[in-house]
Amino acid sequence: MSLSAPQREAYDREGYLVVDRVLEPARREELSRRVWDLVHAAEEGRQSKERVLFEPGAAAVATAVKPAIRKLSSLVAEGEFFQQIARDPFILDLVAEMTGGAKSIYLYNDQVFLKPAFCGSEKPLHQDNSYFRVTPHSHGVTCWVAIDEATEENGCLNYIPGSHKLGLVKHREIPQTPHHVPDVDFPLGREVPAPVPAGGAVFHHLLCMHSSKANQSPHPRRAWALHYVNGAAACPSRKFEEMFRVR
Ligand SMILES: O=C(O)CCC(=O)C(=O)O
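When the letters of the sequence shown are read in order and numbered with our numbering, they come out as residues 1 to 247.
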């Protein structure tokens, strides 16, 4: 299946699109279980350090005994189960359409974003392409799969509708953090929350501005972000040979 006409219009207009189900419940449950296993391994120091990003100090203390994990990179390196989801034809048909009718598709990278209950910190506003630098900008899309239900309370993504039409705006780094934020003197627009049911996904254009708030709820929020690029794109920040080819 590919995009319906209203979905296509919504994606072109807003720069993002929520799809309520991309994973069948059994697959979502298996993904959830496997991701918890990887997170527990990381908490116990059984993951390579390069793949794990911890919550900043104060938030980690909030969990008292365990370090709180913020990000886990490259699930596709974990083998077939994850690779099959990354290659899921339903997801890839949508990705192909959203990236200019891609004939070949690569995974630029993939990462699980975690917001542990009560202490998951915010992700400030940004455009993904301020990190990736894929051109044309429309040749990439992020598919953010909600492993847990993502709500306003536990830190779903918030988007500025239509902000993908602004072009790539200047960003500045926030010192001592891994974050970039827009550095502009014009209004960017109002952020709108995009809740996603567990097993659903939100797809966003690499220029659509988004952020997520801290998780102050008792419910963890985990999402697997798959950043796809059309094989015809220019990608100066990473070689295609080093990426995982999905189609
Ligand atoms: O999951 C989050 O809180 C941030 C995710 C994000 O910025 C992205 O997937 O591009």
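Beta carbons are placed, not taken as given, at the ideal position from N, Cα and C, and that holds for glycine.
Margin query: Is aspartate 128 a contact residue of ligand 1, with contact defined as CB to any heavy atom under 7 Å?
Written below: Numbered from 1 along the sequence shown, position 128 holds the residue referred to as residue 128. Result yes, Cβ under 7 Å from ligand 1.
Margin query: Assuming tyrosine 106 and methionine 209 are in contact, meaning their beta carbons sit under 8 Å apart, how far apart are those beta carbons, in whole angstroms?
Written below: If you number the sequence shown from 1, residue 106 lands on position 106. If you number the sequence shown from 1, residue 209 lands on position 209. Contact between tyrosine 106 and methionine 209 is absent: CB atoms are separated by about 24 Å, not below the 8 Å threshold.
Margin query: Taking 8 Å as the threshold (C-beta atoms), are valine 184 and alanine 150 in contact?
Written below: The count along the sequence shown starts at 1 and reaches residue 150 at position 150. The count along the sequence shown starts at 1 and reaches residue 184 at position 184. With respect to valine 184, alanine 150 sits apart: the two C-beta atoms are not nearer than 8 Å.
Next item on the list: Go ahead and pull the three-state DSSP assignment for leucine 3.
Entry: By 1-based counting over the sequence shown, the position of residue 3 is 3. Under the three-state reduction of DSSP, leucine 3 is assigned to coil, being neither helix nor strand.
Checklist line | Among Leu3, Arg222 and Glu152, nearest to proline 193 - alpha-carbon criterion | finding: Indexing the sequence shown from 1 puts residue 193 at position 193. For proline 193, the nearest C-alpha among the options comes from Glu152.
Notebook entry, point to check: Is there at least one non-hydrogen atom of ligand 1 closer than 7 Å to the beta-carbon of phenylalanine 132?
Noted result: Residue 132 sits at position 132 when you count from the first residue of the sequence shown. No, the beta carbon of phenylalanine 132 sits no closer than 7 Å to any heavy atom of ligand 1.
Notebook entry, point to check: How many angstroms separate the CA atom of valine 169 from the CA atom of proline 182?
Noted result: Working through the sequence shown from its first residue, we reach residue 169 at position 169. Working through the sequence shown from its first residue, we reach residue 182 at position 182. Between valine 169 and proline 182, the C-alpha separation is close to 7 Å.
Margin query: The beta strand (DSSP E) that contains glutamate 173, what's its start and end?
Written below: Against the sequence shown, residue 173 aligns to sequence position 173. 171-173 is the span of the beta strand (DSSP E), which, as asked, contains glutamate 173.
Notebook entry, point to check: How many angstroms separate the CA atom of glutamate 44 from the CA atom of arginine 34?
Noted result: Stepping through the sequence shown from its first residue, residue 44 is reached at position 44. Stepping through the sequence shown from its first residue, residue 34 is reached at position 34. Going from the Cα of glutamate 44 to the Cα of arginine 34 covers about 15 Å.
Check: Would isoleucine 91 be called buried (16 or more neighbouring beta carbons within 10 Å of its own) or exposed?
Finding: By 1-based counting over the sequence shown, the position of residue 91 is 91. Its Cβ being crowded by 16 or more others within 10 Å, isoleucine 91 is buried.
Margin query: Tell me whether threonine 142, by its Cβ, gets closer than 7 Å to a heavy atom of ligand 1.
Written below: The sequence position of residue 142 within the sequence shown is 142, counting from 1. At least one heavy atom of ligand 1 is nearer than 7 Å to the Cβ of threonine 142, so yes.
Margin query: Between which two residues does the alpha helix (DSSP H) holding asparagine 129 run?
Written below: Translated into the one-based positions of the sequence shown, residue 129 becomes position 129. In this chain, the alpha helix (DSSP H) harbouring asparagine 129 covers 129-132.
Margin query: Cutting at 6 Å between CB atoms, please list the residues of its own chain near alanine 102, excluding the five before and the five after it.
Written below: As a position in the sequence shown, residue 102 is number 102, starting the count at 1. Counting only Cβ-Cβ distances below 6 Å, and skipping sequence neighbours, we find Ala96 and Asn230.
Next item on the list: Going by CA-CA distance only, name the one from Gln47, Val112 and Arg238 that's closest to phenylalanine 82.
Entry: Taking the first residue of the sequence shown as position 1, residue 82 is located at position 82. Distance from the Cα of phenylalanine 82 is smallest, within the candidate group Gln47, Val112 and Arg238, for Val112.
Notebook entry, point to check: With serine 32 and arginine 51 assumed to form a contact (beta carbons below 8 Å), what rounded beta-carbon distance in angstroms separates them?
Noted result: In the sequence shown, the residue the question calls residue 32 occupies position 32. In the sequence shown, the residue the question calls residue 51 occupies position 51. By a beta-carbon distance limit of 8 Å, serine 32 does not contact arginine 51. Their separation comes to about 19 Å.
Checklist line | Exposure of arginine 254, with buried meaning 16 or more beta-carbon neighbours within 10 Å | finding: With the chain covering 1 to 247 only, the question about residue 254 has no answer from this structure.
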